[in-house]
Amino acid sequence: MVDRILRIVPDGDGEPTSPRPTADIIVGTHLRHLRKERGYTLQQVVEADGFSSIPMLSKYEQAKVPLHEEKVAGLLQFYEVPDDQQGQLLELVREARQSKVWWAGYRDVVPGHAKRLFSVEASAREIRSYEESIVPGLLQTAEYARAVIQAPFRKPFSEQFALEHKKSIQRRQELRRQRQLLLEEADSPFFYALVSENVLNKALGGREVMRGQLRHLYNLAENKPRVHIRILPFAAMSQAAGAPTSITLLKFPPGCGDNLVYLELYNQGGTYVSDTDSVETHMATLDGLWAIAADKEQSMAMLEDYIKKVSGKG
Numbered sequence: 001m002v003d004r005i006l007r008i009v010p011d012g013d014g015e016p017t018s019p020r021p022t023a024d025i026i027v028g029t030h031l032r033h034l035r036k037e038r039g040y041t042l043q044q045v046v047e048a049d050g051f052s053s054i055p056m057l058s059k060y061e062q063a064k065v066p067l068h069e070e071k072v073a074g075l076l077q078f079y080e081v082p083d084d085q086q087g088q089l090l091e092l093v094r095e096a097r098q099s100k101v102w103w104a105g106y107r108d109v110v111p112g113h114a115k116r117l118f119s120v121e122a123s124a125r126e127i128r129s130y131e132e133s134i135v136p137g138l139l140q141t142a143e144y145a146r147a148v149i150q151a152p153f154r155k156p157f158s159e160q161f162a163l164e165h166k167k168s169i170q171r172r173q174e175l176r177r178q179r180q181l182l183l184e185e186a187d188s189p190f191f192y193a194l195v196s197e198n199v200l201n202k203a204l205g206g207r208e209v210m211r212g213q214l215r216h217l218y219n220l221a222e223n224k225p226r227v228h229i230r231i232l233p234f235a236a237m238s239q240a241a242g243a244p245t246s247i248t249l250l251k252f253p254p255g256c257g258d259n260l261v262y263l264e265l266y267n268q269g270g271t272y273v274s275d276t277d278s279v280e281t282h283m284a285t286l287d288g289l290w291a292i293a294a295d296k297e298q299s300m301a302m303l304e305d306y307i308k309k310v311s312g313k314g
């Protein structure tokens with residue numbers, strides 16, 4: 001059996017109560033895979049290895065608590081992991097003690113369901129997404145992002161709430177901008193974004209905001225060699241029936257872990273999928289949608305048409 005150092009986030013429903021460095025997430029996930037590969041239950045490991053408790057071992061595997069080198073070393077020896085791989089994992093544990101996730105300074109506005117995604121997407125070789133309702137977060141302008149954030153809040157509220165809400169919006173806009181720096185790095189992941197025509201046709205935030213957003217998409221597609229944007233026309237939307245409204249696939253470099261899928265409903269919590277069969281199913285869905293989408297030239301023409309339309313020239 002060949003063990004790999006996994007570069008994915010842990011399965012399970014729980015979220016860390018404080019941001020865990022990506023290295024902790026990698027090690028915790030790998031510990032879980034090692035246990036399952038060896039056929040052990042949490043209880044069996046605790047009883048045989050002398051680990052403190054089942055809840056604590058579970059927290060280690062989900063990176064809900066800081067990992068201690070001595071305890072991790074004991075688990076790796078129990079699982080009979082080769083010495084060289086033990087060294088790699090223990091080095092990651094030491095690394096985690098000296099670093100923190102990039103979004104730690106924004107923990108007050110990071111949605112709990114997005115923490116895993118934000119922590120590992122920079123490690124991906126390729127990111128593929130499909131959005132039926134809104135522009136992908138990595139491609140949003142500040143003004144469009146503000147409109148997305150404000151969308152759920154339609155009712156009047158108190159002056160105090162309004163002030164706090166304004167500050168929260170500003171913080172969330174800053175967070176999105178920091179996240180978008182990922183695409184400006186020389187070795188950024190390749191990003192394949194598939195957007196339904198419905199997104200272009202819906203002037204979220206008003207005509208001026210939408211015009212700026214459409215121009216931004218056009219400029220990215222034209223000038224960013226690692227960013228590929230395709231539009232799924234209305235005529236093809238019937239073939240997308242049954243597909244999730246938002247899919248993000250993270251593909252990691254060979255030997256660096258299993259691929260991961262993140263599904264999300266508009267302005268609601270997300271779901272992570274990491275088992276091989278389900279990931280392949282969603283990957284096939286993305287492949288199918290990409291195949292029926294407009295090609296680059298056609299997509300650029302559609303963006304131009306909608307820019308003219310929202311500018312009152314179409």
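FYI, the numbering for the sequence shown is 1 to 314, going by the UniProt record's numbering.
Every residue gets a Cβ at the ideal spot worked out from N, C-alpha and C, and that includes glycine.
Please read all numbers here as calculations on a predicted model, not as lab measurements.
Exercise. Whose C-alpha, out of D84, H165, Y218, D277, is nearest the C-alpha of Y306?
Worked result: Y218
Exercise. Cα-Cα, which of K202, Q180, V101 is closest to I127?
Worked result: Q180
Exercise. Three or more C-beta pairs closer than 8 Å, one from the segment 103-114 and one from the segment 67-85: is that the case here?
Worked result: Segments in contact, no.
Exercise. To the nearest angstrom, how far is it from the Cα of L34 to the Cα of H282?
Worked result: 25 Å
For this session: Within the UniProt domain "HTH cro/C1-type" (31-85), note down every full alpha helix (DSSP H) run reaching 4 residues or more, in order along the chain.
Result: 42-49, 54-61, 69-78
For this session: Find the nearest neighbour of L90 within the set L249, G28, E47, F190, judged by alpha-carbon distance.
Result: G28
Problem set entry | Range covered by the alpha helix (DSSP H) that runs through Y306 | 296-310
For this session: Please report how far the alpha carbon of M210 lies from the alpha carbon of K64, in whole angstroms.
Result: Rounded to the nearest angstrom, the two C-alpha atoms are 40 Å apart.
Exercise. With burial defined as no fewer than 16 other Cβ atoms inside 10 Å of the residue's Cβ, what is the status of E185: buried or exposed?
Worked result: exposed
For this session: Could you work out which residue in E80, Q178, R146 is closest to Q170 when comparing CA atoms only?
Result: R146
Exercise. Nearest CA to the CA of Q178: which residue from P189, T285, A142?
Worked result: If we check each option's Cα against that of Q178, A142 comes out closest.
Exercise. The beta strand (DSSP E) spanning S129 covers which residue range?
Worked result: Element bounds for S129: 126-131.
Exercise. Helix or strand or just coil, what does DSSP make of Y106?
Worked result: helix
Exercise. Where in the segment 157-216 do unbroken runs of the beta strand (DSSP E), each at least 3 residues long, occur, reported from the N-terminal end onward?
Worked result: 190-196
Exercise. Which residue comes first and which comes last in the alpha helix (DSSP H) that contains I149?
Worked result: 142-150
Exercise. Are V261 and I247 closer than 9 Å when you measure CB to CB?
Worked result: yes
Exercise. Given that a residue counts as buried once 16 or more other Cβ atoms are within 10 Å of its Cβ, and exposed if not, what is K251?
Worked result: buried
Exercise. Roughly how far, in whole angstroms, is the beta-carbon of L232 from the beta-carbon of S196, given that I think they are within contact range, below 8 Å?
Worked result: That belief holds up - the Cβ atoms of L232 and S196 are roughly 5 Å apart, short of 8 Å.
Problem set entry | Length of the line joining the Cα atoms of H30 and K36 | Those two C-alpha atoms are separated by around 10 Å.
Exercise. In the DSSP assignment, what residue or residues form a beta bridge with H228?
Worked result: Y192
Problem set entry | Cβ shell of E222 (< 8 Å), same chain only, five flanking positions each side left out | M300
Exercise. Alpha carbon to alpha carbon, what distance is there between G288 and E295?
Worked result: Here the sequence assigns Asp to residue 295, which means Glu is not the residue at that position. Looking at the two C-alpha atoms, the distance is approximately 13 Å.
Exercise. Short check: CB of A124 to CB of A23, under 9 Å?
Worked result: Taking C-beta atoms as the reference points, A124 and A23 fail to come closer than 9 Å.
Exercise. Mapping DSSP to helix, strand and coil, what is I25?
Worked result: helix
Exercise. So what's S119 in DSSP terms, helix, strand or just coil?
Worked result: helix
For this session: Please confirm whether L175 and A122 have their CB atoms less than 9 Å apart.
Result: The Cβ atoms of L175 and A122 do not sit closer than 9 Å to each other.
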